[in-house]
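The block underneath contains the structure these notes are about, expressed in structure tokens.
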Amino acid sequence: QKEVEQNSGPLSVPEGAIASLNCTYSDQGSQSFFWYRQYSGKSPELIMFIYSNGDKEDGRFTAQLNKASQYVSLLIRDSQPSDSATYLCAVNPGGFKTIFGAGTRLFVKA
Amino acid sequence: EAGVTQFPSHSVIEKGQTVTLRCDPISGHDNLYWYRRVMGKEIKFLLHFVKESKQDESGMPNNRFLAERTGGTYSTLKVQPAELEDSGVYFCASSLAGPYEQYFGPGTRLTVT
Chain Z
1 QKEVEQNSGP LSVPEGAIAS LNCTYSDQGS QSFFWYRQYS GKSPELIMFI YSNGDKEDGR
61 FTAQLNKASQ YVSLLIRDSQ PSDSATYLCA VNPGGFKTIF GAGTRLFVKA
Chain H
1 EAGVTQFPSH SVIEKGQTVT LRCDPISGHD NLYWYRRVMG KEIKFLLHFV KESKQDESGM
61 PNNRFLAERT GGTYSTLKVQ PAELEDSGVY FCASSLAGPY EQYFGPGTRL TVT
């Protein structure tokens with residue numbers, strides 16, 4: 001079992017729709033959870049992080065965390081073609097180590 | 001504010017040769033991280049520095065890899081001797097405090113032939 005699992009996609013949504021990206025993790029002791037966006041050929045860029053159960057909103061992005069289910073999700077409202085990228089879920093199991101999932105490719109169709 | 005920079009952007013070497021990658025973190029960031037992404041795989045943590053001290057090098061693949069951080073500023077990652085499986089993109093990241101807001105550099109694409 002991978003430490004951080006994501007559906008590789010691609011996930012295709014029409015412009016203006018809500019994109020829902022999901023992630024599960026195996027280490028129950030994990031403390032912080034991150035979503036990164038990575039455009040093709042570029043470096044990962046932090047979108048947001050969450051460490052408490054529930055929702056955290058930042059603009060069009062909402063991260064959701066359920067530690068009991070070991071599940072993290074990212075919702076992107078009003079999706080735009082510029083949101084087309086690979087979204088990486090990452091988990092901090094403690095200390096400074098970060099474990100990444102393989103990423104979900106998102107396509108937003110104009 | 002300048003971001004994290006890495007040099008070179010691309011390196012092609014032959015198996016058995018030595019390569020040194022460099023990372024300059026954002027000024028003032030005490031935490032520096034090295035990651036690697038092998039083709040088709042997820043980004044893997046290699047190690048973490050706080051200033052000049054290695055805090056966690058649990059992700060280093062083997063003793064062919066040596067990382068240093070001189071004076072707590074820039075860092076180098078040396079691969080000696082390089083093997084075919086070392087090919088991939090090597091990312092460096094830095095953060096001010098904690099692992100939360102890491103800023104990634106553009107990466108160095110290493111190709112070992």
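Going down the list, the protein sequences come from chains Z and H.
Letter 6 of the first sequence, counting from 1, is numbered 6 in the working numbering, and no numbers are missing.
Letter 39 of the second sequence, counting from 1, is numbered 39 in the working numbering, and no numbers are missing.
Note that the Cβ used here is the ideal one computed from N, Cα and C, for glycine as well.
Computed from a prediction, not measured in an experiment: that's the story for all the values here.
Local conformation of Asp-30(H) per DSSP, three classes:
coil
Hey, out of Tyr-25(Z), Ser-79(Z), Glu-3(Z), Leu-65(Z), whose CA is closest to Gly-16(Z)'s CA?
Ser-79(Z)
Are Arg-37(H) and Thr-76(H) close, meaning C-beta to C-beta below 8 angstroms?
no
Tell me, to the nearest whole angstrom, how far the beta carbon of Asp-30(H) is from that of Val-4(H); I am working on the premise that it is less than 8 angstroms.
The pair is not a contact, with the Cβ atoms about 14 angstroms apart (cut-off 8 angstroms).
Going by DSSP, what residue range makes up the beta strand (DSSP E) through Asp-24(H)?
19-24
Can you list, in chain order, the residues of the region 70-104 of chain Z whose Cβ is nearer than 9 angstroms to any Cβ on chain H?
Leu-88, Ala-90, Asn-92, Gly-95, Phe-96, Lys-97, Thr-98, Ile-99, Phe-100, Gly-101, Ala-102, Gly-103
Name, in chain order, the residues that DSSP records as bridge partners for Asn-12(H).
One point to set straight first is that residue 12(H) is Val, not Asn, in the sequence displayed. Its beta-bridge partners are Thr-111(H).
By the three-class DSSP mapping on this structure, what secondary structure does Pro-14(Z) have?
strand
Under three-state DSSP, which class holds Gly-40(H)?
coil
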